[in-house]
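Trainee:
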Amino acid sequence: MSDHFESHDETSLRPPIVERVIRPQDADPKRADSAERKIALMFLLSAIGTVGFIVAYVAIPRLSTTKDVRWSNFWLGISLTLSLGGIAAGIIAWVRWLMPAHEVVQQRHELAAPDEELEAAAQVIVVGAQESGIARRSLLKRSLGLALGLFALPGVLLLRDLGPLPRKTLDTTLWKANSPLLNAETGAPVKLGDLEVGSFTTVLPLKVEDMSEEDYAKTPVLLIRLEPGINKPAPGRENWAYQDHVAYSKICTHVGCPIGLYQKQSHKLLCPCHQSTFDVPRACKVVFGPAARSLPQLPISVNADGEFIATASFDQPVGPSFFERS
Amino acid sequence: MSTTKPRRGEKPAGSATADDTATRSPVGPQPAPKILKKALGEVDSRFGLAGYLKRSMNKVFPDHWSFMLGEIALYSFIVLLLSGTFLTFFFRPGTNTVVYPTTGNYVPLRGLPMTEAFESTLRISFDVRGGLLIRQIHHWAALLFMAAIVAHCCRIFFTGAFRKPREANWLIGVGLITLGLLEGFAGYSLPDDLLSGTGLRIAYGIIESIPIVGTYLGSFVFGGQFPGPDFIPRLFTIHILLVPGILLALITAHLLLMWYQKHTQWPAEHRTNDNVVGAPFYPAFMAKTGGFFFAVFAVTAGLSALVQINPVWLYGPYNPAQVGAGSQPDFYIGWLEGTLRLMPNLETHIDGHTISWNVLIPAVVIPGVLFTAMAIYPFLEAWVTRDYATHNICDRPRNRPGRTALGVAVLTELGVCLLAGGNDVLAEKYDISLYATTWTFRAMFFILPPLAFMATRRICLGLQYRDAHSAQHGYETGRIVMLANGEFIEVEAALPEDAIARMGLEYRQGPPPALEPPVDEHGVRSKSRHNPIEKVRGRIGAFLYEPDVEPLTDGHGKGHASNGHADAELPAAEQTELTSGEGHTD
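Those protein sequences? They're chains A and B, same order as listed.
Heads up: the first sequence begins at 1 in my numbering, then just goes up one per residue.
Heads up: the second sequence begins at 1001 in my numbering, then just goes up one per residue.
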């Protein structure tokens, strides 16, 4: 293919045309004028949209109900869409209908320099390096390397106070022996008989407002009342339940979502985040899903007032696994 | 004289004369007004811009709808900057507890304790005029930004536009996707609502799973244990300053490189590896792309007016003891939610330490592998195919069956993961057992990508052969002619040259270069044949790049000369036989 346009003339005003596209409106001024009127209409619609936006902003001046908010959002949004869309449609139609549609051509410049140029550039680098003496003076090279390498350390060091070292904070919770089991919603102690068979509630050792967010995030426990006789305690945990009531950490051992779903018929706890499923009567062992550990169990009993209490703290960290955990 | 083909049915205008200006601009040279020349002179004498300006305005941009995907990403980014700036005027990234005032416009939450972050989000939504609109524009634009980036990345991948000289721009693009993902996650975590708080809880759990440094990293990032009082303010700085700053810098570099290296173009008549055919930057491309900014903005505004997104007031403030059922992250995070759900519960306990494979693999290893693979792919493909040449012509996906099949397989895998991320919603909606969906997706995770790979490759080869066939034989006109001897034949006509050029047949992958014989004629063992690295190279090559059926020699009884090898020459006018074995009619 040796078309004329390949011999591109650098001094020419505009890039040469390779494919001349003549549309009806290019040949017929009447059609072109009609296109112009249509485009002008689009710009006009945009102007109307902008005015509409101002009207909507002023007309719904004080938002006082959610309904106001909804209408305000609707009218502001629709008028803004018209305002922007009119400009968009007008400009794009202008380009497509009235600006020349010819395809023009341009040669790509060779990105790679000729060999001599490459050689010269390499030479400059070498000569410059020689002038600086970096190649000869290895003492300078090494000491600068040391200085720059050390210089990176303060930057890293400054990040140290971003947070405390984790230490043992992940291993412990606020639960300890004789902690009351307080209803997480009301703050009232949960008493024997409060829960119906097959129901559960979230409990805390303190009222929510007396806890830090960090403690609150790992403390919640689920108190579940199972059907009589179905609980099969793990060896060594025979007295951790109290009259078919069992208590397990609510924080999933997968990545720490609170477990919110209890399937009454199958006695399973389901984490809604990734569907790890725990078999409550069998020490909350994982029966499905990505969690690898059973939910930690809180040993409970009932005090003289008939209120539930913890008889000990958790015997293991709650929540997701981490490297330091055995 | 250049070709002057009328394209849309009109006669060429009378200007098809031989004078030079007519071929260059339909307008011809015009005298520039004095004032413009003076103004330009003032600028030029200070910045020396005139030459650059002239070259830039004449810069040719190829036109194709698929080149618009990156523009959508760019313009939604600008919408994000504009709407985001507005939001910062009202948002307070605090974790102090405040009480939603009893005069607040959202009645159900009146008098409830919540963080400043959530309270100010409610204020933006319900008390600031247009606040809800801008919030929704910001969220819709973020979804559009990520969707456009992903689509743009697919376009680049499937057309091979990442090849030399554009590898650096591909790497910048991979960086942009990764940062965009982080930026989106940081953004929707800021309001501190129940959904976003759950997302952050999961993020903390993921960080904790990293061996050795996990708990330290978590503590440093969040300023202590989850949720920590420092995290929302830190996230705010990351979301509005750090990451957008890097994004802006990378996008600028991305555009400058594209500008300097010039855009790729699809194959067609007149288009070669050494030229660019399209519209000049000024005025046509500039106006169109400017108009397109308004179009993208209008779409986000329209969506925000009509379709509610992220109604945080319905989720309520974050409460670590609560979680909403059916919680779903935004789509660009959804596939990671899926990998987390699909992973079996593996943990290793060594010497008092735990390695949580059940979290580490789906949430750290898989995205790490994916983004690393994306980054090295251009170099891997060049190495395997020994193709280190400069490429400015887009590949048609069918002409690179191996690459296309690989891309479709990866997309299939991501699709499986995305669906698995919503398996609870699917299970509920279609009344399927939840565990059955998990097991199905686990099976699909391994079965579907290879199937997609094989099917795509076959389809590509089929399409490729059909192209080659119609380039050689022409197309069936549907006109039946009875010959003198009474035989009926269907007339076939040659395709127009441009249609054949657009097939890009000369840019097909083709079979790999012939290997050295294991032992040459002197009995010397070939070094490269026994080099283990070369063996790997050959194996990947055989797997990915070599069509297993030679094009056009598939024994349909249509003898023709082309051997269908790489750089196959397919003379369109080549006389070939008709099905009947009679003469060829054009």
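Cβ coordinates follow ideal geometry from the N, Cα and C atoms, glycine included.
Which bits of chain A does residue 1169(B) rub up against, with CB to CB less than 7 Å?
Mentor: Sequence index remark: in the second sequence, residue 1169(B) carries index 169 (1-based). Chain A residues near residue 1169(B): none, gap ~13 Å exceeds 7 Å.
Trainee: Report all residues from its chain with a CB closer than 8 Å to the CB of residue 1537(B); omit the five preceding and five following residues, and keep chain order.
Mentor: Stepping through the second sequence from its first residue, residue 1537(B) is reached at position 537. Cβ within range, chain order: 1383, 1384.
Trainee: Would you call residue 1365(B) buried or exposed, if buried means 16 or more other Cβ atoms sit within 10 Å of its Cβ?
Mentor: Looking up residue 1365(B) in the second sequence gives position 365. Around the beta-carbon of residue 1365(B), fewer than 16 other beta-carbon atoms lie within 10 Å, marking it exposed.
Trainee: Under a CB-based cut-off of 8 Å, is residue 274(A) close to chain B?
Mentor: Position 274 of the first sequence holds residue 274(A). At a cut-off of 8 Å between C-beta atoms, residue 274(A) counts as an interface residue with respect to chain B.
Trainee: Quick test of your reading: residue 221(A) and residue 247(A), contact by CB under 8 Å. State the CB separation rounded to the nearest angstrom.
Mentor: On the first sequence, position 221 is the one that residue 221(A) refers to. On the first sequence, position 247 is the one that residue 247(A) refers to. Indeed, because the Cβ distance is near 5 Å, the residues count as touching under 8 Å.
Trainee: Give me the Cα-Cα distance between residue 197(A) and residue 293(A), rounded to the nearest whole angstrom.
Mentor: For the purposes of this step, residue 197(A) is taken as the residue at position 197 of the first sequence. For the purposes of this step, residue 293(A) is taken as the residue at position 293 of the first sequence. Their Cα atoms are separated by approximately 26 Å.
Trainee: Determine, using beta-carbon pairs with one atom in the segment 1143-1163 of chain B and one in the segment 1394-1401 of chain B, whether at least three such pairs fall under 8 Å.
Mentor: yes
Trainee: Within 10 angstroms of the Cβ of residue 1136(B), are there 16 or more other Cβ atoms? Answer buried if so, exposed if not.
Mentor: For the purposes of this step, residue 1136(B) is taken as the residue at position 136 of the second sequence. Residue 1136(B) comes out buried.
Trainee: Residues bridged to residue 1475(B) by DSSP?
Mentor: Counting from one through the second sequence, the residue named residue 1475(B) turns up at place 475. Answer is 1493(B), bridged to residue 1475(B).
Trainee: Going by the DSSP bridge assignment, what does residue 204(A) pair with across the sheet?
Mentor: For this step, residue 204(A) is matched to residue 204 along the first sequence. In DSSP, residue 204(A) forms a bridge with 182(A).
Trainee: Would you decide whether residue 215(A) is buried or exposed? Buried here means 16 or more other CB atoms lie within 10 Å of its CB.
Mentor: Numbered from its first residue, the first sequence carries residue 215(A) at position 215. Burial call: buried.
Trainee: Would you say residue 1198(B) lies against chain A (beta-carbon separation less than 8 Å)?
Mentor: As a position in the second sequence, residue 1198(B) is number 198, starting the count at 1. So, interface residue.
Trainee: Measuring CB to CB, does residue 101(A) end up less than 8 Å from residue 18(A)?
Mentor: If you number the first sequence from 1, residue 101(A) lands on position 101. If you number the first sequence from 1, residue 18(A) lands on position 18. Contact flag unset, no.
Trainee: Count the other CB atoms within 10 Å of the CB of residue 1454(B); is the residue buried (16 or more) or exposed (fewer)?
Mentor: Stepping through the second sequence from its first residue, residue 1454(B) is reached at position 454. It counts as exposed.
Trainee: Identify whether residue 280(A) lies in helix, strand or coil by the three-state DSSP scheme.
Mentor: The count along the first sequence starts at 1 and reaches residue 280(A) at position 280. Helix, per DSSP.
Trainee: What does residue 216(A) reach in chain B if we use C-beta pairs closer than 8 Å?
Mentor: Numbered from its first residue, the first sequence carries residue 216(A) at position 216. The answer, in chain order, is 1320, 1321.
Trainee: Whose C-beta lies closer than 6 Å to the C-beta of residue 192(A) among residues of the same chain, with five residues either side of it excluded?
Mentor: Numbered from its first residue, the first sequence carries residue 192(A) at position 192. 302, 306, listed in sequence order.
Trainee: Find the nearest neighbour of residue 34(A) within the set 93(A), 56(A), 59(A), 81(A), judged by alpha-carbon distance.
Mentor: Within the first sequence, the letter at position 34 stands for residue 34(A). The residue with the shortest Cα to Cα distance from residue 34(A) is 93(A).
Trainee: What is the DSSP secondary structure of residue 241(A), counted as helix, strand or coil?
Mentor: Reading the first sequence from its first residue, position 241 is the one you call residue 241(A). In the structure shown, residue 241(A) sits in coil (DSSP, three-state: anything other than H, G, I, E or B).
Trainee: Run through DSSP, which three-state label would residue 1278(B) get?
Mentor: Here residue 1278(B) corresponds to residue number 278 of the second sequence, with the count starting at 1. Correct three-state label for residue 1278(B): strand.
Trainee: Listing by chain order, which chain A residues have their CB less than 7 Å from the CB of residue 1206(B)?
Mentor: For the purposes of this step, residue 1206(B) is identified with residue 206 of the second sequence, where counting begins at 1. Residues of chain A passing the Cβ test: 255.
Trainee: In chain order, what residues of the same chain have a beta carbon less than 7 Å from the beta carbon of residue 1493(B), not counting five sequence neighbours either side?
Mentor: Mapped onto the second sequence, residue 1493(B) falls at position 493. Cβ neighbours of residue 1493(B) beyond the five flanking positions: 1474, 1475, 1477, 1586.
Trainee: Going along chain B in order, which residues have a C-beta closer than 8 Å to the C-beta of residue 91(A)?
Mentor: Mapped onto the first sequence, residue 91(A) falls at position 91. Near residue 91(A) (Cβ distances below 8 Å), the residues of chain B are 1287, 1288, 1290, 1291, 1294.
Trainee: Can a CB atom of chain A be found closer than 8 Å to the CB of residue 1162(B)?
Mentor: Here residue 1162(B) refers to the residue found at position 162 when the second sequence is read from its first residue. The C-beta of residue 1162(B) comes no closer than 8 Å to any C-beta of chain A.
Trainee: Out of 1430(B), 1432(B), 1437(B), state which residue places its alpha-carbon closest to the alpha-carbon of residue 1416(B).
Mentor: By one-based count along the second sequence, residue 1416(B) stands at place 416. Of the candidates 1430(B), 1432(B), 1437(B), the one whose C-alpha sits nearest the C-alpha of residue 1416(B) is 1437(B).
Trainee: Would residue 1069(B) and residue 1151(B) qualify as a contact pair, given that the criterion is a beta-carbon distance under 8 Å?
Mentor: If you number the second sequence from 1, residue 1069(B) lands on position 69. If you number the second sequence from 1, residue 1151(B) lands on position 151. Yes, Cβ-Cβ distance for residue 1069(B) and residue 1151(B) is below 8 Å.
Trainee: Taking DSSP as the reference, what is the three-state secondary structure of residue 160(A)?
Mentor: Within the first sequence, numbered from 1, the residue matching residue 160(A) stands at position 160. Residue 160(A) falls in the helix class under three-state DSSP.
Trainee: Spatial neighbours of residue 39(A) within its chain, please: CB distance less than 8 Å, with the 5 preceding and 5 following residues excluded, ordered by chain position.
Mentor: As a first step, residue 39(A) is located in the first sequence; it is residue number 39 there, counting from the start. Shown here for residue 39(A): same chain residues with a beta carbon closer than 8 Å to its own, the five before and five after excluded, namely 90, 93, 94, 97, 98 in chain order.
Trainee: In chain A, what lies closer than 9 Å to residue 1209(B) by C-beta?
Mentor: Position 209 of the second sequence, counting from 1, holds the residue named residue 1209(B). 255, 320, 321, 322, 323, listed in chain order.
Trainee: Count the other CB atoms, across all protein chains shown, that sit within 10 Å of the CB of residue 202(A); report buried if there are 16 or more and exposed otherwise.
Mentor: Within the first sequence, the letter at position 202 stands for residue 202(A). Buried is the call here.
Trainee: Consider the Cβ of residue 105(A): report whether some Cβ of chain B lies at a distance smaller than 8 Å.
Mentor: Here residue 105(A) refers to the residue found at position 105 of the first sequence. It does; some Cβ of chain B falls within 8 Å.
Trainee: Could you tell me whether the segment 1173-1182 of chain B touches the segment 1255-1270 of chain B, where touching means 3 or more Cβ pairs closer than 8 Å?
Mentor: In this structure the segment 1173-1182 of chain B does not touch the segment 1255-1270 of chain B; the number of beta carbon pairs closer than 8 Å is below three.
Trainee: Can you give the beta carbon distance from residue 1199(B) to residue 1207(B), rounded, assuming they're within the 8 Å contact cut?
Mentor: As a position in the second sequence, residue 1199(B) is number 199, starting the count at 1. As a position in the second sequence, residue 1207(B) is number 207, starting the count at 1. No, residue 1199(B) and residue 1207(B) are not in contact; Cβ-Cβ is about 13 Å, not under 8 Å.
Trainee: By the three-class DSSP mapping on this structure, what secondary structure does residue 1059(B) have?
Mentor: What you label residue 1059(B) is simply residue 59 of the second sequence in a count that begins at 1. The answer is coil: DSSP assigns residue 1059(B) none of H, G, I, E or B.
Trainee: For residue 268(A), which residues of its own chain have a beta-carbon under 8 Å away from its beta-carbon, when the five flanking residues on both sides are left out?
Mentor: Locating residue 268(A) in the first sequence gives position 268, counting from the first residue. Only 262, 277, 278, 279, 280, 287 meet the Cβ criterion.
Trainee: Nearest-angstrom Cα distance between residue 1051(B) and residue 1041(B)?
Mentor: Here residue 1051(B) refers to the residue found at position 51 of the second sequence. Here residue 1041(B) refers to the residue found at position 41 of the second sequence. One C-alpha to the other measures close to 12 Å.
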